[in-house]
Amino acid sequence: MGAAPTARLGSCEPLSSKGEPHMPVVTHPGPSAPPAPAVRLEIPDGWQPQPSGDALLRAAGSGAGGDAVEIAVRHLTGDPALGSAVLVEDSTSQVAGGAGQVEEPFVVEIGGREWHARNVSWDEDGTPVVEVHLATTLDPTDVVSRHVLAVGRARGAGLDADYDALQAVLESLVVEEVRG
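Just so we're aligned: 105 in my numbering is position 110 of the sequence shown, and the numbers increase by one with no gaps anywhere.
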C-alpha cells in the first residue's frame, strides 16, 4: 500500500489511496494562520495583567481620576496588500462611530519598529474618552500580511495624566517575530 498523495491548500486532489476526494487541510500555524509574535510591555505599579481573550495580552490599571486605563495588544492578519497605515485608519474609524474626533495619523518609532498611530476622542455619556491606536507590520507570509495592533484607552477626569501613562506603557512595547 503506497503513501497517499498530499494536497495543496485549496486543491481538491484526492488524499486517499481509494481516490476519494477530501477537503483541503488548513493548519495553524500555516500560511494563512501564521504564529503570533512574542510581545512585552512594561506596566506601572498598580496595573495588572488581564485575561487576554482575543488579544495577545491585556493590562489595566486605575487612572488618576479613578477610571480604568486599559491596553490590548493583538496579532492581526489580512490581505497581503494591507499596510499598517490603512489598518490604523480602519481601526480608528470604527471607534467613535462618527461622533468623535479622529486626529491626523502619525508615525512613531518604538522598540526599533515603525508604528502608524492615530488618536480618537469622544464623549461617552458625558465622560471624555481617548484611545490611541498603533500598528506595525510584521514579515508577511505568501498568503497574508501580519500586524500587531495596540490600543490604549483612558477616560474620565484624569484624562491628561492617564494619556501620559498610556504613552509611557506603549513606548515600552517590544515585538519579537517568531521565525518558522
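Virtual Cβ for every residue (Gly too), placed ideally from N, Cα, C.
Taken through DSSP and simplified to helix, strand or coil, THR22 comes out as coil. Each of PRO75, ALA50, ASP134 and ALA76 was checked against the Cα of VAL146, and the nearest Cα belongs to ALA50. Excluding its 5 nearest sequence neighbours in each direction, SER27 has C-beta neighbours in its own chain below 8 Å: LEU4, VAL21, THR72, THR136, VAL138 and VAL139, listed in chain order. For GLN162, the enclosing alpha helix (DSSP H) has its first and last residue at 154 to 165. ALA54 has its alpha-carbon roughly 6 Å from the corresponding atom of GLN43.
The three-state secondary structure of VAL115, taken from DSSP, is strand. For VAL143, the uninterrupted beta strand (DSSP E) run begins and ends at 140 to 150, by DSSP.
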